[in-house]
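In what follows, a structure is listed as structure tokens, so that the remarks can point back to it.
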Amino acid sequence: MLDQYLALSIIGVIILVLGLALLIGKRKGGYVLTLLGALWLLTMVIYYAFVYAGVYKSGLYPVANVIGVLLIVIGLGAVLYYWARAGVLRGVGK
Amino acid sequence: MGSRTMATSLWVVAFVIAAIFIGFILMIGFDILAKGLDKPSEWLITQPFVVLGRDALFAIAGVLWAIGTIIFFMELSGWTIKGWRIVRQVIRWDAIDVSVTALSAAVYGGALAATGGIPIIPGFTWVRPANALAPLFGILFGVPGALGTSIGNFIADALAGYLGVGSIGGFIGNFIIAYVPYKLMKDHSFRTPRSLIEFYVWGVLVGSVWCSLYISWWLDFMEPVIGLPKSFIWGFFAPWVIFNNSFITAIVSPILGFILYPPIKARGLYWADRIKFQQ
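Here you go:
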């Protein structure tokens with residue numbers, strides 16, 4: 001039977017390739033599918049990195065807590081920075 | 095009766111309903127603590143599951159799973175249900191919508207991981223204070239926010255050591271938590287009695303139950319791969335997920351929603367200002 005983590009990785013690759021194809025073809029949904037595929041694969045990278053580093057066996061916390069905080073800070077910071085530059089924070093997103 | 099008296103009465107009704115919801119959920123929490131985490135079959139919240147039994151639950155949850163899955167793919171492919179009809183919806187999926195999805199994913203996934211570390215069911219769930227954010231992302235941002243919630247939960251699964259085929263159920267299950275109040279509440283402002291009552295019915299009760307049954311059905315169906323006993327899924331996991339979701343959502347989400355709605359709306363990020371429907 002196919003390993004479930006390999007199956008999840010293949011699903012991520014399919015979503016990413018589909019998203020990139022839509023993006024190259026300038027079709028709607030390309031951005032979001034690419035984002036979904038990229039974050040899906042990022043999740044798989046986190047999983048394999050944790051397995052390789054033995055984090056799941058040695059104890060997840062506080063490693064996972066720290067990554068969680070970093071995820072919030074980097075994600076929120078990047079989006080707010082983009083919104084500030086695009087004028088969304090001044091209401092240009094309307 | 096004057097309109098002012100009427101408005102006051104409606105607020106009283108809304109607060110009474112909110113108090114009943116919160117009181118009931120706290121009662122369930124105290125019941126779990128009193129009986130012990132190791133005796134799920136005795137919990138008050140488990141009794142409907144005991145009465146119905148695995149086969150009936152599997153059948154009911156199967157219907158909800160099918161509906162939820164169809165809705166998930168329908169919404170992402172640009173179709174939705176409006177006024178009992180299937181209509182085309184125009185989500186721009188431009189840089190702003192995609193950034194909303196990324197923001198929801200990063201904040202929800204990050205918050206779940208940052209507050210993790212209290213394992214209740216090894217391998218499948220944990221006490222999740224960040225759950226309060228899931229319905230809000232749907233209510234405020236619509237489908238892009240709901241999709242971000244799905245991705246955030248998926249990332250959090252990897253950070254918590256729960257990633258597996260079961261996470262696919264969690265992916266769409268978390269979309270449902272955000273989607274149900276987004277779609278079924280008529281007033282998303284958290285500023286009227288109607289908005290508050292609608293949130294407790296759709297955001298707390300229906301969303302939590304649907305999400306729990308969705309994921310549980312998937313875990314049951316994938317049992318040969320995942321290996322979780324069916325008695326454990328329906329006798330512990332399902333009721334616990336309902337309690338875990340509704341507990342924090344009932345208490346924290348309305349406060350956050352009240353604070354966040356005006357700035358989101360003022361900046362043109364509220365979903366109703368960005369989505370168009372075609373009949």
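For the protein sequence lines, the chains are A and B, in the order given. The first sequence begins at 1 in our numbering and counts up by one. The second sequence begins at 95 in our numbering and counts up by one. Every residue, glycine too, gets a C-beta built ideally from N, C-alpha and C. In this text, all values refer to a predicted model and were calculated from it rather than measured experimentally.
With 16 or more other Cβ atoms inside 10 Å of its own Cβ, Tyr47/A counts as buried.
Comparing alpha-carbon positions, the option among Ile24/A, Gly37/A, Tyr31/A, Leu18/A lying closest to Ser9/A turns out to be Gly37/A. Residues of chain B whose Cβ lies closer than 7 Å to the Cβ of Lys28/A are, in chain order, Trp187. Secondary structure note for Thr286/B: it is in no beta strand (DSSP E), with a DSSP letter that is neither H nor E.
Within 8 Å of the CB of Leu89/A, the CB atoms of chain B belong to Arg361, in sequence order along the chain. Straight-line measurement puts the Cα of Tyr256/B at about 36 Å from the Cα of Val88/A. Nearest to Ala240/B by alpha-carbon distance, out of Trp296/B, Leu313/B, Leu146/B, Phe265/B, is Phe265/B. A direct Cα-to-Cα measurement between Val107/B and Pro318/B gives close to 48 Å. Contact between Gly297/B and Ser347/B holds, with the beta-carbon distance rounding to 7 Å and staying under 8 Å. Contact of Gly203/B with chain A is assigned, a C-beta pair being separated by under 9 Å. Distance from the CA atom of Met100/B to the CA atom of Pro287/B, rounded to whole angstroms, is 11 Å.
With 16 or more other Cβ atoms from the protein chains shown falling within 10 Å of its own Cβ, Pro275/B counts as buried. The segment 230 to 238 of chain B makes contact with the segment 187 to 195 of chain B; the number of CB pairs closer than 8 Å reaches 3 or more. With fewer than 16 other CB atoms across the displayed protein chains lying within 10 angstroms of its CB, Leu120/B is exposed. Taking Val295/B as reference, the option from Arg285/B, Phe143/B, Leu278/B with the minimal CA-CA separation is Leu278/B. When secondary structure is reduced to three states using DSSP, Val259/B falls in the coil class, being assigned neither helix nor strand. Excluding the 5 residues flanking it on each side, Val144/B has same chain C-beta neighbours closer than 8 Å at Ser135, Gly329, in chain order.
Ala208/B belongs to the set of residues whose beta carbon lies under 9 Å from a beta carbon in chain A.
Using a Cβ-Cβ cut-off of 9 Å, Pro238/B counts as an interface residue toward chain A, since at least one Cβ of chain A sits closer than that to its own. For a Cβ distance threshold of 8 Å, residue set Leu39, Trp40, Thr43 of chain A lies close to Phe248/B, ordered along the chain. Here DSSP, grouped into helix, strand and coil, assigns Ile175/B to strand. If the five residues before and after Ile249/B are omitted, its C-beta is found closer than 6 Å to the C-beta atoms of Gly203, all from its own chain and listed in chain order.
With fewer than three CB-CB distances shorter than 8 Å, the segment 358 to 371 of chain B does not count as touching the segment 327 to 341 of chain B.
Taking each of Asp251/B, Ser289/B, His282/B, Gly242/B in turn and checking the Cα distance to Phe269/B, the smallest one comes out for Gly242/B.
Taking 7 Å as the cut-off between beta carbons, the residues of the segment 301 to 334 of chain B near chain A are Val319, in sequence order. Using a Cβ-Cβ distance cut-off of 8 Å, the segment 154 to 169 of chain B and the segment 300 to 307 of chain B are in contact, since at least three pairs of beta carbons, one from each stretch, lie closer than that value.
Within chain B, the residues placing a beta-carbon under 7 Å from that of Ala64/A are Ala207, Gly210, Leu253, Ala254, ordered along the chain.
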